[in-house]
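Reviewing the structure listed below.
Chains as they are written, first to last, in the working numbering: chain X, 1 to 276; chain D, 1001 to 1276.
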């Protein structure tokens, strides 16, 4: 018998992975959650029929949502991750010795539970004493924070269901207020091939609030089209002019100090989308 | 009825596209050839069960195999494309007014025939008077050329069947001889995710012959993993120090003068693969 996971990534396009074993398939109060052990990518977390992360390529997404902002802020002491219950973004955040407190605001505790159980290499960092976990709505959580964070990472799912609010103008205003005066926010902003309007919307809406906004890209083979966008916005001075370098012993597999800048150099069609 | 094209991109990983119409499916003396009109990407050329190009994303591969070398060479007058019977690389080459002669060496005339018929936006440039088409083995063709070309583009399929020879040391020696003293070669060098050994081999073998070698990347959604590598080698001075800029009216959708350099900035795991 062969077992395959198939995802309709966009109309008329499917991505299929052979599955060695379905480790978990449950319906939580918020979404359908599966952990599948795949032939090609190892254990894979799937939420509402969309690949969130896999053991083989998780380093790309998690390094790239965290390090461009963390290596830009002069002293990232307090960091919030909205969503991201698998713990991967938190793990990368904690690599920065400046970080004193890393808050995870995840609405669905089952994501954390199953990640800890089946993806310990990703979720293990959630046990670090610097981590504070808030189970609940990330939007509501941030509303209670004023000028509190140096960096906020919006590690959301697609803008459907509970995550839709995390793509709204109101949410970005809340993030703005929750940041300190020189704070930075990064939001995952979807595929530049298949979610052009979402990406353009995130860029436009963050740019309307923050004095500086920039989109950067990373190649993630298990995401639609294999290319993903992140959008960084800054309350203070332009981020690309103040890049810090990793200290000795800081290890990454995708992010490099050279890539920090070049990831912001966009293909023509992506730049054009943002310039509209 | 729904018709789907499914490709096993690597073990345990499949890519499927919904097909509106199978425009052609033939067996040529060299390979199986199909042109499928797909829902998501429009007309798609498939050789031996591997997507070669689609109307929706062909601009990426064709711009990126051509322009980094063409905008590096001070005066690219004579250019050869080995393989690439769809004509897309030739079309990009001909955008450079310096080009006086563009030779296409394609082993399978059916690729040219079906591309002209069903992909005229790609193949149309083959009718340009500066183009010379050689039907036959590209390796043998280049052996007859000594110090003749400014730029050679190796636009091959995967290293199986007829294309396997285009990934050999002997072939690269032939390219070296066919180039002028300051000539450049670019070879498509497969996926950095799924064909690590092929990429490392191309980089190593070109680097053993040419004084300068560098790998760059482009995001191509219909190729395995969505990320593709190209390896450029130079007989003369280092290419990245002598980038020319596009003249007014030169249009591209992916390549930009900024991307010319940043495409060579590799993710850590790719750089590490090449450094081994």
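By construction, the Cβ of each residue, glycine as well, lies at the ideal position given by its N, Cα and C atoms. This structure is a prediction, so every number in the text was calculated from the model and none was measured.
* To do: With 8 Å as the threshold, decide whether the Cβ of residue 18 of chain X is near any Cβ in chain D.
  => yes
Residues near residue 167 of chain X by beta carbon distance below 6 Å, same chain, minus five either side
159
ask   = Quick one: what does DSSP say residue 1196 of chain D is sitting in, helix, strand or coil?
value = helix
Going by other Cβ atoms of all chains shown within 10 Å of its Cβ, with 16 needed for buried, is residue 245 of chain X buried or exposed?
exposed
- For the stretch 132-143 of chain X and the stretch 57-71 of chain X, state whether three or more C-beta atom pairs, one from each stretch, are separated by less than 8 Å. no
| message | residue 239 of chain X and residue 212 of chain X - do their beta-carbons sit closer together than 8 Å? | response | yes
* **Reduced DSSP category for residue 1043 of chain D - H, G, I as helix; E, B as strand; rest coil** => strand
- Report the residue ranges of all alpha helix (DSSP H) runs contained in full by the stretch 197-224 of chain X; include only those spanning at least 4 residues, in chain order. none
If you scan the stretch 1031-1080 of chain D from start to end, which runs of the alpha helix (DSSP H) of 4 or more residues do you find wholly inside it?
1058-1070
Chain-ordered chain D contacts of residue 14 of chain X [CB-CB under 9 Å]: 1004, 1006, 1014, 1015, 1016, 1017, 1018
CB-CB length for residue 1006 of chain D against residue 40 of chain X, believed under 8 Å = About 15 Å separates the two Cβ atoms, so there is no contact after all.
*asked:* When you compare the stretch 145-153 of chain X with the stretch 176-193 of chain X, are there three or more beta-carbon pairs, one atom per stretch, that lie closer than 8 Å?
replied: yes
Here's a check: name, in chain order, each residue in its chain whose Cβ is nearer than 6 Å to the Cβ of residue 277 of chain X, leaving out the five neighbours to either side. There is no way to answer for residue 277 of chain X, as the model of chain X reaches only from 1 to 276.
Neighbour-count burial assignment, residue 53 of chain X, 16 or more Cβ in a 10 Å radius: buried
Please name the residue, chosen from X:37, X:219, X:209, that lies closest to residue 114 of chain X on a Cα-to-Cα basis. X:37
Give every residue of the same chain whose Cβ lies closer than 6 Å to the Cβ of residue 1116 of chain D, excluding the five residues on either side of it in the sequence, and list them in chain order. 1123
query = What does residue 1254 of chain D touch in chain X if you count any residue whose Cβ is under 8 Å from its own?
reply = 267, 268, 269
Entirely enclosed beta strand (DSSP E) segments - the stretch 103-180 of chain X, minimum 3 residues | 131-135, 149-155
* **Rounded separation between residue 1105 of chain D and residue 1081 of chain D - CA only** => 6 Å
For residue 1093 of chain D, three-class secondary structure by DSSP:
helix
From residue 279 of chain X to residue 203 of chain X, what distance separates their C-alpha atoms? A question about residue 279 of chain X goes unanswered here, because the residues of chain X that appear run from 1 up to 276.
So which residues on chain X does residue 1227 of chain D lean against when the C-beta distance must stay under 8 Å?
-> 219, 221, 226, 227
**Asked** Is the beta carbon of residue 88 of chain X less than 8 Å from the beta carbon of residue 62 of chain X?
**Response** yes
Outcome for residue 1156 of chain D when other beta-carbon atoms lying within 10 angstroms are tallied against a minimum of 16: buried
query = Going by the beta-carbon positions, is the gap between residue 1250 of chain D and residue 1095 of chain D smaller than 8 Å?
reply = yes
- Name the DSSP beta bridge partners of residue 14 of chain X, please? X:8, D:1016
On the DSSP bridge assignment, give the partners of residue 101 of chain X in chain order.
X:78
query = Closest by CA to residue 262 of chain X, which one among D:1216, D:1165, D:1033, D:1098?
reply = D:1216
Helix, strand or coil at residue 1236 of chain D according to DSSP, with G and I counted as helix | coil
- [ ] Determine the closest residue to residue 1030 of chain D out of D:1022, D:1083, D:1013, with distance taken between C-alpha atoms.
- [x] D:1083
Taking CB distances under 8 Å as the criterion, tell me whether residue 1214 of chain D reaches chain X.
no
Notebook entry, point to check: Leaving out the 5 sequence neighbours to the left and right, which residues in its chain are closer than 8 Å to residue 1050 of chain D when beta-carbon positions are compared?
Noted result: 1007, 1157, 1158
Review point. Can you check whether the CB of residue 226 of chain X is closer than 8 Å to the CB of residue 1227 of chain D?
Key: yes
Inset, instruction - Label residue 161 of chain X either buried or exposed according to how many other C-beta atoms from any shown protein chain fall within 10 Å of its C-beta, with 16 as the threshold for buried. - result: exposed
Open item on the list: Less than 8 Å between CB atoms is the rule here; does residue 193 of chain X satisfy it with respect to chain D?
Closed with: yes
Chain X contact residues for residue 1259 of chain D, given Cβ-Cβ distances below 7 Å: 265, 267
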